[in-house]
Amino acid sequence: MPYRPDIDGLRAVAVLAVVLYHFGLPWLGGGFTGVDVFFVISGFLIGGILWREHEAEGRIRLGAFYLRRFRRLAPAFFAMALVTAALGAALLLPFEFREFGKSLIAATVYLSNVLFYKQAGYFDTGAEMKPLLHTWSLAVEEQFYLFLPLLIALLSRHRQVLLMALVAVWGASLVSSILATPSHPGAAFYLFPFRAWELLSGVLLAIWGLETGRVWRGRAALSWAGLALIAVSVTLIPAGPMFPGLLALPPVLGAVLLIASGTGANPVNRALSHPVALFFGRISYSLYLWHWPVVTLSLYLRGSYSGPLEAAAWIALSVVLAWLSWRFIETPVRRARLAPPLVFGGTALASAAALAVGGWLYLGNGLAERFGPSVRPHIAASADFLQDWSRCTTPESGPLMGIETCPIGPEGAPQVLVWGDSHVRAFKEGLDLAAHEANVPGLIIWRAGCPPLFGLRKSESAATPAQDYACTQANLQIRQALPSLSSLQRVALIGRWTYYAHGSGIGLDAGNRITVTPADAPTPAGVPQASILAEAERTTVAELRGLVPEVVVLRQPPEIPGYDSRLAAREAAHAGWPLAKTPVTAPDVPRSALAQRSAEAEAPWRAMAEAGQIRWIDTWPRFCDAEACHALHDGQGWYFDNNHITNAAALALRDLFGPIFGTKVAGL
Numbered sequence: 003m004p005y006r007p008d009i010d011g012l013r014a015v016a017v018l019a020v021v022l023y024h025f026g027l028p029w030l031g032g033g034f035t036g037v038d039v040f041f042v043i044s045g046f047l048i049g050g051i052l053w054r055e056h057e058a059e060g061r062i063r064l065g066a067f068y069l070r071r072f073r074r075l076a077p078a079f080f081a082m083a084l085v086t087a088a089l090g091a092a093l094l095l096p097f098e099f100r101e102f103g104k105s106l107i108a109a110t111v112y113l114s115n116v117l118f119y120k121q122a123g124y125f126d127t128g129a130e131m132k133p134l135l136h137t138w139s140l141a142v143e144e145q146f147y148l149f150l151p152l153l154i155a156l157l158s159r160h161r162q163v164l165l166m167a168l169v170a171v172w173g174a175s176l177v178s179s180i181l182a183t184p185s186h187p188g189a190a191f192y193l194f195p196f197r198a199w200e201l202l203s204g205v206l207l208a209i210w211g212l213e214t215g216r217v218w219r220g221r222a223a224l225s226w227a228g229l230a231l232i233a234v235s236v237t238l239i240p241a242g243p244m245f246p247g248l249l250a251l252p253p254v255l256g257a258v259l260l261i262a263s264g265t266g267a268n269p270v271n272r273a274l275s276h277p278v279a280l281f282f283g284r285i286s287y288s289l290y291l292w293h294w295p296v297v298t299l300s301l302y303l304r305g306s307y308s309g310p311l312e313a314a315a316w317i318a319l320s321v322v323l324a325w326l327s328w329r330f331i332e333t334p335v336r337r338a339r340l341a342p343p344l345v346f347g348g349t350a351l352a353s354a355a356a357l358a359v360g361g362w363l364y365l366g367n368g369l370a371e372r373f374g375p376s377v378r379p380h381i382a383a384s385a386d387f388l389q390d391w392s393r394c395t396t397p398e399s400g401p402l403m404g405i406e407t408c409p410i411g412p413e414g415a416p417q418v419l420v421w422g423d424s425h426v427r428a429f430k431e432g433l434d435l436a437a438h439e440a441n442v443p444g445l446i447i448w449r450a451g452c453p454p455l456f457g458l459r460k461s462e463s464a465a466t467p468a469q470d471y472a473c474t475q476a477n478l479q480i481r482q483a484l485p486s487l488s489s490l491q492r493v494a495l496i497g498r499w500t501y502y503a504h505g506s507g508i509g510l511d512a513g514n515r516i517t518v519t520p521a522d523a524p525t526p527a528g529v530p531q532a533s534i535l536a537e538a539e540r541t542t543v544a545e546l547r548g549l550v551p552e553v554v555v556l557r558q559p560p561e562i563p564g565y566d567s568r569l570a571a572r573e574a575a576h577a578g579w580p581l582a583k584t585p586v587t588a589p590d591v592p593r594s595a596l597a598q599r600s601a602e603a604e605a606p607w608r609a610m611a612e613a614g615q616i617r618w619i620d621t622w623p624r625f626c627d628a629e630a631c632h633a634l635h636d637g638q639g640w641y642f643d644n645n646h647i648t649n650a651a652a653l654a655l656r657d658l659f660g661p662i663f664g665t666k667v668a669g670l
């Protein structure tokens, strides 16, 4: 195929859109659509190569095809993976390095798109913590390299059937992408069947051009239209769950128009053939490979960029790495006279090594021994927030139908209901052990960010409207169901009371906001949120006391405003590194700094405790001394973030839960 400089220029447009988007350039909000342009280019080039071979020889030489693909793609990929793994060993915390190992395995076997589909989405905040996330698009292309040659080989003797099959697959993929995006955006984004139409758009364009003898000199208006469609795509298409679907049509159509008109003499095509564009086009594959690890690891080290100049410096580093990769890895391997067994054997050996490293990291739980004693308590705390919920069920009938319920303690009709928010989740292992030790069966019902109180409606910044509504409905259902739970002897309420009373978090989570209002009455004007909450607390306790002999309320563990185990571990691990961000975490807080916030939130509970209406369990003596409260105790992390405790703390505090299960505790 004659060299097409305009296609290298189009590669440059695509890769720069992606790179600048990932580095946070504000006016390229749709820069991720550069990947869609890449898909069309790949389809056009690979489709043209395979169709020429099919037409000339009547068959596809699969061995030669995959030999070319390995020579072109494998060396730079494995170099990037090796360097990223080495830097990850120095920077990433164990649970992150473990996940890196898993993604390295998936990327090596061309299934990283499937892995990342099963995890958080591409547009989620957690995406920037995955150094190999960008390999999802390489996996889609590799799956295409399996699908297209095999389809052509299978139908090579039936030319018309082959053409109809390609068109049919193109149409089915496009329609499925449009239909799946609203309901299954993750699948539509990551998985090959929903992206195949983009690659096949390039394939069908190549076949059409070869069949009609095109010289690719379309009208200038088509080049301008193609450029406009791509410009609109990279600037205006919003990131989020509505992509790809119909929103993928503009970048794909734009790429098709530019390729179809790319050799014509017009300003657009001349710009695409400019030496600067050609430079970025030639290094586009390496630039795509290297820029994302630079993004993720630099942000991991720095936290955030200090401004546009720092972001530009990291972009420049990405370009330098890409040029080095293109000049000393891609080009020499592509030009070298290497025997096929050497190429296949080398690729197999490199793949085996990558799989071995990935397996080692995954099975070794991220190699926690890399870090010293100052880091390990925070690391252990950051990984100590997963509980065993295997006994949980969601009844399909009965008063608690549709609400997840989790038995604790021995089998039997529940004598205790522990009802609360995510703090119940944090305490779960300790509650379960205390229930077993007391030989009292219990039941847990919890919902994150949902106060365990009657008659409230909440609106939270960290929740969707549907989740807010579900909280109100679940609490109403629990209110209606409790009279039928005749075996109950106690109800324990556990929640982040300060959050609900003040309407916001504190310290590192100060940006979280929540508003609580009466669920069945107008919101009173000018009434503080703490007063609305207090009224709901009194109403809830009065109702519960009419149903069970005793109501127990757990005092919320003290908030440690400046602590987060993951951030603290990262800061300790990066201490002394050049460019490391200034530490912001603090594992201790003076009691005086919490006094006013906690006193206002706890006043209604204390009044009811003094009146004998509830049993009040004070957790603070176990977390605090006379002067301060602490996230670390005897070298062990007791906090996951600034308000949730770890499993280790929950188990250590299980004796405090005695009153919940009817046993006495010294000092209570």
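Position in the sequence shown (first residue = 1) + 2 = the numbering used here.
From the three backbone atoms N, C-alpha and C, an ideal C-beta is built for every residue, glycine too.
Legend entry - Cutoff 7 Å; reference Gly-422; Cβ partners in own chain excluding five residues on either side: These residues qualify, in order along the chain: Trp-448, Pro-454, Leu-495, Ile-496 and Gly-497.
Inset, instruction - Kindly list the residues whose CB is nearer than 7 Å to the CB of Ser-178, restricted to its own chain and excluding five residues on each side of it in sequence; keep chain order. - result: Pro-195 and Phe-196
Legend entry - Residues bridged to Tyr-192 (per DSSP): Answer by DSSP bridge pairing: none, since Tyr-192 is not bridged.
Legend entry - Separation of Val-529 from Leu-176, as counted between CA atoms: 54 Å
Inset, instruction - Could you tell me whether the Cβ atoms of Ser-225 and Gly-283 are closer together than 9 Å? - result: Taking 9 Å as the Cβ cut-off, Ser-225 and Gly-283 do not qualify as a contacting pair.
Inset, instruction - Report back the beta-carbon spacing between Glu-200 and Asp-10 to the nearest angstrom; my notes put them in contact at under 8 Å. - result: That pair is no contact at about 20 Å.
Inset, instruction - Report yes if the CB atom of Ala-356 is closer than 9 Å to the CB atom of Leu-106, and no otherwise. - result: Cβ atoms of Ala-356 and Leu-106: closer than 9 Å.
Inset, instruction - Decide if Gly-564 is buried, meaning its Cβ has at least 16 other Cβ atoms within 10 Å, or exposed. - result: buried
Legend entry - Close beta carbons around Ala-668, own chain, < 7 Å, minus the five adjacent residues each side: Here the model assigns Ala-668 a pLDDT of 47, short of 50, so the residue's position is not dependable and the matter cannot be decided.
Inset, instruction - May I ask you to report which of helix, strand or coil DSSP gives Pro-623? - result: helix
Legend entry - Under 9 Å between C-beta atoms of Ala-19 and Ile-43: Result no, Cβ atoms of Ala-19 and Ile-43 do not sit closer than 9 Å.
Inset, instruction - Spell out a yes or no on whether the segment 498-515 and the segment 584-601 are touching, meaning 3 or more CB-CB pairs, one atom from each, closer than 8 Å. - result: yes
Inset, instruction - Thinking Arg-624 and Leu-655 are a contact (beta carbons under 8 Å), I'd like their distance in whole angstroms, please. - result: 6 Å
Inset, instruction - Check each candidate in Ala-605, Ser-463 and Pro-184 and name the one with the smallest Cα separation from Ser-533. - result: Ala-605
Inset, instruction - Could you name the residues that DSSP lists as bridge partners for Lys-460? - result: Val-518
Inset, instruction - Could you have a look at Gln-638 and say whether DSSP puts it in helix, strand or coil? - result: strand
Inset, instruction - Keeping to the same chain, check which residues put their C-beta closer than 7 Å to that of Glu-573; ignore five residues upstream and five downstream. - result: Pro-585 and Thr-587
Legend entry - Per DSSP, cross-strand counterpart(s) of Glu-406: Note: Glu-406 sits in no beta bridge, so no partner.
Legend entry - Contact check, Tyr-192 vs Phe-245, beta carbons under 9 Å: no
Legend entry - Tyr-23 versus Trp-294 - alpha carbon distance: 11 Å
Inset, instruction - Report the rounded CA-to-CA distance for Gly-637 versus Gly-374, giving the unit in angstroms. - result: Taking C-alpha positions only, Gly-637 is separated from Gly-374 by approximately 13 Å.
Legend entry - Exposure of Val-169, with buried meaning 16 or more beta-carbon neighbours within 10 Å: exposed
Inset, instruction - Determine the burial state of Gln-475: buried for a count of at least 16 other Cβ atoms within 10 Å of its Cβ, exposed for fewer. - result: exposed
Inset, instruction - Just list the alpha helix (DSSP H) runs in the segment 512-583, keeping only unbroken ones of 4 residues or longer that don't cross its boundaries, in chain order. - result: Entirely contained in the segment 512-583, the alpha helix (DSSP H) runs reaching 4 residues are, in chain order, 531-547 and 567-575.
Legend entry - Minimum length 4: unbroken alpha helix (DSSP H) runs contained in the segment 153-191: 161-185
Inset, instruction - Please state whether DSSP places Pro-416 in a helix, a strand or coil. - result: In this structure, DSSP gives Pro-416 a state outside helix and strand, which the three-state scheme calls coil.
Inset, instruction - Round the Cβ separation of Leu-365 and Leu-12 to the nearest angstrom and send it over; I've been treating them as touching at under 8 Å. - result: Leu-365 to Leu-12, Cβ: 43 Å. No contact.
Inset, instruction - Check each candidate in Thr-395, Gln-479 and Asp-657 and name the one with the smallest Cα separation from Leu-435. - result: Asp-657
Legend entry - Inter-residue spacing [alpha-carbon to alpha-carbon] between Arg-492 and Glu-612: 18 Å
Inset, instruction - Name, in chain order, the residues that DSSP records as bridge partners for Ser-683. - result: Here the chain has residues from 3 to 670 only, and residue 683 is not among them.
Legend entry - Identity of the residue in Ser-203, Leu-259, Pro-240 and Leu-249 nearest Arg-219 by Cα: Nearest of Ser-203, Leu-259, Pro-240 and Leu-249 to Arg-219, Cα basis: Leu-259.
Legend entry - Buried versus exposed, by CB contacts within 10 Å (16 or more), Pro-133: With 16 or more other Cβ atoms within 10 Å, it is buried.
Legend entry - C-alpha distance - His-56 paired with Ala-450, whole-angstrom precision: 59 Å
Inset, instruction - Assign Leu-670 to one of three DSSP states: helix, strand, or coil. - result: With a pLDDT of 46 at Leu-670, under the threshold of 50, the predicted position of this residue should be treated as unreliable, though the coordinate-derived value follows. Looking at Leu-670 - three-state DSSP - the assignment turns out to be coil, as it is neither helix nor strand.
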